[in-house]
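Numbering (my numbering), first residue to last: 14 to 335.
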């Protein structure tokens with residue numbers, strides 16, 4: 014186990030450096046000049062002022078020197094400085110990261126819990142009307158554009174019924190503390206988390222159902238039935254445990270995707286996470302901030318993949334960490 018962890022950590026570090034170099038090259042190949050953006054916001058288009066901005070932030074240096082400088086600071090845990098927001102990139106990301114983690118974890122739990130439960134029910138009732146209803150609803154959620162589903166959720170549950178707040182992380186200018194603040198955040202969390210969770214739930218329904226049906230046809234399940242075990246015991250102890258491995262694999266990929274890919278949901282619901290921060294950095298050509306968000310997202314994806322590999326051993330002890 015220790016050798017496995019050390020080997021994976023070394024690979025994660027190497028991959029993260031490679032991803033950082035690739036992102037740095039791609040971002041600097043994109044059109045636009047941060048100095049021009051900052052000069053435009055300052056209302057000064059004087060060429061000397063723009064040149065001073067480039068010199069101040071090192072944008073006048075050759076590309077390879079900028080890359081080497083960035084990697085040197087990155088190796089020390091420094092993700093650079095945001096030109097536009099005048100603050101360290103790492104502090105800006107850490108400020109927004111809790112909101113993204115709350116949203117991503119909530120959506121992940123909703124999608125995985127409902128998806129596996131619905132998939133098990135659909136497999137147990139194969140060919141019946143309930144199986145058709147579950148499969149149709151799952152396909153409907155998967156095929157519906159995410160932004161349209163988010164807007165309809167706001168229109169129906171916030172504007173029409175007034176059940177949940179439409180936008181934001183918590184009530185503006187509120188003085189809530191403790192449980193009152195947690196409850197306020199939870200109310201704001203419902204719509205974005207459920208919207209994002211239902212989109213990914215459809216995949217878990219399909220893969221759980223297909224995997225359960227495949228395992229149901231194996232010989233050891235037929236032997237368990239021949240021994241007279243209850244159907245519920247067979248489904249829980251024998252079928253589900255062997256069928257859950259593909260779901261765990263997909264969940265590991267989705268967990269990282271939820272953290273870095275919730276840009277649309279965070280934008281629609283004005284959720285102050287790193288996805289929205291990335292969108293704002295892209296609009297303002299804030300290269301360091303954009304690259305920092307990409308790097309942190311990649312690191313989280315790699316960590317979730319490592320956790321998924323470790324979880325394999327818990328789900329199926331026959332799998333060896335090698």
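All C-beta atoms, glycine included, are put in the ideal place defined by N, C-alpha and C. Here the structure is a predicted model, which means the values were calculated and not measured.
Span of the alpha helix (DSSP H), counted from its first residue to its last, around residue i
i           : result
residue 75  : That residue, residue 75, is in no alpha helix (DSSP H); it is neither H nor E in DSSP.
residue 34  : 15 to 42
residue 109 : 102 to 137
residue 149 : 142 to 156
residue 233 : 232 to 239
residue 281 : 276 to 281
residue 336 : Only positions 14 to 335 of the chain appear in this structure, which leaves residue 336 out of reach.
Pairwise C-alpha distance: residue j and residue i
i           : j           : result
residue 33  : residue 308 : 6 Å
residue 154 : residue 213 : 8 Å
residue 64  : residue 86  : 24 Å
residue 217 : residue 257 : 10 Å
residue 312 : residue 30  : 10 Å
residue 37  : residue 298 : 13 Å
residue 176 : residue 124 : 22 Å
residue 336 : residue 237 : This structure does not reach residue 336, given that the chain is present from 14 up to 335, and the question cannot be answered.
residue 253 : residue 324 : 16 Å
residue 178 : residue 172 : 9 Å
residue 122 : residue 90  : 31 Å
residue 77  : residue 84  : 10 Å
residue 282 : residue 145 : 32 Å
residue 26  : residue 316 : 11 Å
residue 151 : residue 81  : 48 Å
residue 60  : residue 300 : 21 Å
residue 210 : residue 320 : 21 Å
residue 276 : residue 208 : 13 Å
residue 88  : residue 35  : 16 Å
residue 194 : residue 120 : 20 Å
residue 110 : residue 156 : 29 Å
residue 248 : residue 267 : 25 Å
residue 74  : residue 21  : 36 Å
residue 306 : residue 19  : 26 Å
residue 41  : residue 229 : 53 Å
residue 197 : residue 278 : 19 Å
residue 16  : residue 23  : 11 Å
residue 251 : residue 314 : 31 Å
residue 264 : residue 239 : 33 Å
residue 361 : residue 133 : Lying before the first or after the last residue shown, residue 361 is absent from the chain, which here runs from 14 to 335.
residue 241 : residue 255 : 20 Å
Reduced DSSP secondary structure (H/G/I, E/B, other) of residue i
i           : result
residue 95  : strand
residue 199 : helix
residue 187 : coil
residue 81  : helix
residue 89  : coil
residue 311 : helix
residue 265 : helix
residue 284 : coil
residue 305 : helix
residue 60  : helix
residue 179 : coil
residue 242 : coil
residue 299 : coil
residue 174 : coil
Whole-angstrom C-beta distance between residue j and residue i, which should lie under 8 Å
i           : j           : result
residue 390 : residue 148 : What the structure shows of the chain is the stretch from 14 to 335, and residue 390 is not part of that stretch, so it cannot be assessed.
residue 201 : residue 189 : Not quite, the Cβ-Cβ distance comes to about 12 Å (not below 8 Å), so this is no contact.
residue 105 : residue 302 : 6 Å
residue 221 : residue 261 : Wrong, their Cβ atoms sit about 11 Å apart, outside the cutoff.
residue 112 : residue 285 : 5 Å
Within-8 Å CB hit, residue i to chain E
i           : result
residue 184 : No chain E is part of this structure, which consists of one protein chain only.
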